[in-house]
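Numbering (our numbering), first residue to last: -1 to 525. For each residue, glycine too, the CB sits at the ideal point set by N, CA and C. Quick caveat, the model's predicted, so the values are computed rather than measured. Step one of this worksheet: look at the structure below.
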């Protein structure tokens, strides 16, 4: 109650000060049009901001779907060495997120902003490393180090792009509704980015397929000629596949650069922080303690960690249930398109009924369909229905966390007015936990199927494997969703709290603007 009364007194005093300044003839009204233009976020700016999210999803999808196949079938690495490269690369990628977030938070403000220089500088080295990942080096013994080096370098440079880009949400506008709208644009483009990554890489690589090599020979006299033909076919197949992967990586690299250019020239980073220019840098441990000690942030991250884990686990295990690679691709495409088309609907819903209500309705939407999978006989039609329905819930899982993170950061600023500039740390740790959920879902599903006796390549699995698949595709995701929603129940930032925080931050910004104006006019008054 005292807190609200103080805000009202502060607001009335501030308005009185503004009137007094105007009555005394100090011309501060000339800044109002500039401030309005600064705070207005156009549709074009939202589209340019959204396009900046495509490179991460496109490259992540291409690497996730095709890198393992490339290392085994094209680079001809041993499965153990390929696994080491993939595991180390993922682990390194996760570790770099908080580190880069801390470094970004300590970056000075430049004429291009604080986030944009990171995005600009990291783009060209990132695409070079990405291209070299898909090149087979002319050395045999150094292949492992080649792929390990460029894979880890690319993950680091991409983090230098993605973490500042994610935190850029806080710097494109100081209005909550504009940031929410820009986030909806971004999530729509990012979901489309997963489709583009699969389509570009898959189509180009798929065109390089050559006929299988015939290993049989009808007579001994034709042994030599058949062997020669097989050798030529093998050389041609290897050459075509290597060339196709290089072309695909070049095309994706070009898209990466174009998206970064559109983002840089289409979005203007704003200093909406109020006093950040004089902020004191804190150590990594202090920043981590401040961020992870903020209750709403921890509850939000944990809630969406469990729900994200549920959807990742369900989608991953469904691939085993469908069997055919074609069916997997079609179902994944159905889910992604469903998410793309329903994101605008969910954006309207959360603006109309609130974000917490959108979570309570959108996330459980997929639960009946997860149960349906194990209750009816498996068929392609059921798989499509489940994929499309799950896509609507995936849209919520995509949109809501990134839409609610700015609310948590705003709440932190209000609760800790003397400790600012930690936006990048907030976002980097959420990215870290998202990648952690992906790794856990992969590890849990693989270990569970291994213990159940899953046999690769066998059409009919044992009863224990079938039971394990049903548990992983239905019971486990539903339980994780229930746990996530229970944690989310304790999340304290509702619509009233959001409005209060917004009002407090607007007052702080207005106060600083007027103090800066008065400071600039001091010499004239003294004279």
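For the region 410 to 467, the continuous alpha helix (DSSP H) assignments of 4+ residues that do not extend past its boundaries occur at 421 to 450, in sequence order. By the criterion of at least three beta-carbon pairs nearer than 8 Å, the region 302 to 311 is in contact with the region 384 to 404. Assignment of beta strand (DSSP E) within the region 238 to 293, counting only whole runs of 3 or more residues, yields no such run. Here residue 463 is buried. Its C-beta has 16 or more other C-beta atoms within 10 Å. For residue 377, no alpha helix (DSSP H) segment is defined, and its DSSP state is neither H nor E.
Between residue 103 and residue 491, the C-beta gap is not smaller than 8 Å, which leaves the two residues out of contact. Counting along the chain, residue 134 sits inside no alpha helix (DSSP H), nor does DSSP assign it H or E at all. Looking only at 42, 248, 90 and 296, the smallest Cα-Cα distance to residue 485 is reached by 296. By the criterion of at least three beta-carbon pairs nearer than 8 Å, the region 71 to 89 is not in contact with the region 174 to 182.
Here the C-alpha atom of residue 80 lies approximately 22 Å from the C-alpha atom of residue 248.
In the pairwise beta carbon analysis, the region 122 to 141 is classified as touching the region 236 to 256: at least three pairs are separated by under 8 Å. Annotated as proximal: residue 472 and residue 368, with beta-carbon spacing under 8 Å. By the criterion of a C-beta distance shorter than 7 Å, residue 144 is surrounded in its chain by 135, once the five residues flanking it on both sides are discounted. Note that the region 370 to 384 does not touch the region 409 to 421; fewer than 3 beta-carbon pairs, one per stretch, sit closer than 8 Å. By the neighbour-count definition (other C-beta atoms within 10 Å, threshold 16), residue 41 is an exposed residue. Between residue 426 and residue 99, the gap from beta carbon to beta carbon is short of 8 Å. Taking all protein chains shown into account, residue 341 has 16 or more neighbouring C-beta atoms within 10 Å of its C-beta and is therefore buried.
For residue 59, the secondary structure class from DSSP, reduced to helix, strand or coil, is helix.
When beta bridges are read from the DSSP output, residue 111 appears opposite 108.
Residues of the same chain with a CB within less than 8 Å of the CB of residue 203, apart from the 5 flanking positions on each side, are 64, 239, 242, 243 and 246 in chain order. Note on the region 112 to 182: whole alpha helix (DSSP H) runs with a minimum of 4 residues are 114 to 131 and 141 to 165, in chain order. Counting of Cβ neighbours within 10 angstroms places residue 284 among the exposed residues, the total staying below 16. For the region 82 to 108, there is no continuous alpha helix (DSSP H) assignment of 4+ residues that stays within its boundaries. Going by C-alpha positions, residue 393 is about 8 Å away from residue 344. For residue 45, the enclosing alpha helix (DSSP H) covers residues 41 to 49. Residue 258 sits away from residue 336, with the two beta carbons spaced by 8 Å or more. Residue environment for residue 137: exposed (fewer than 16 other C-beta atoms within 10 angstroms of its C-beta). A Cβ-Cβ separation of about 5 Å places residue 95 in contact with residue 429 under the 8 Å criterion. Ranked by Cα distance from residue 236, the options 432, 339, 411 and 72 are led by 72.
Between residue 186 and residue 177 the beta-carbon gap is near 15 Å, outside 8 Å, which marks them as no contact. In terms of Cβ geometry, residue 146 and residue 123 do not form a close pair [threshold 8 Å].
Excluding sequence positions up to five before and after residue 290, its CB lies within less than 7 Å of the CB of 296, all in the same chain and listed in chain order. Residue 116 and residue 107 have their C-alpha atoms roughly 12 Å apart.
Assigned with DSSP and collapsed to three states, residue 316 falls in helix.
By the neighbour-count criterion, in which 16 or more other beta carbons inside 10 Å mark a residue as buried, residue 387 falls on the buried side. Rounded to whole angstroms, the separation of the alpha carbons of residue 205 and residue 88 is 29 Å.
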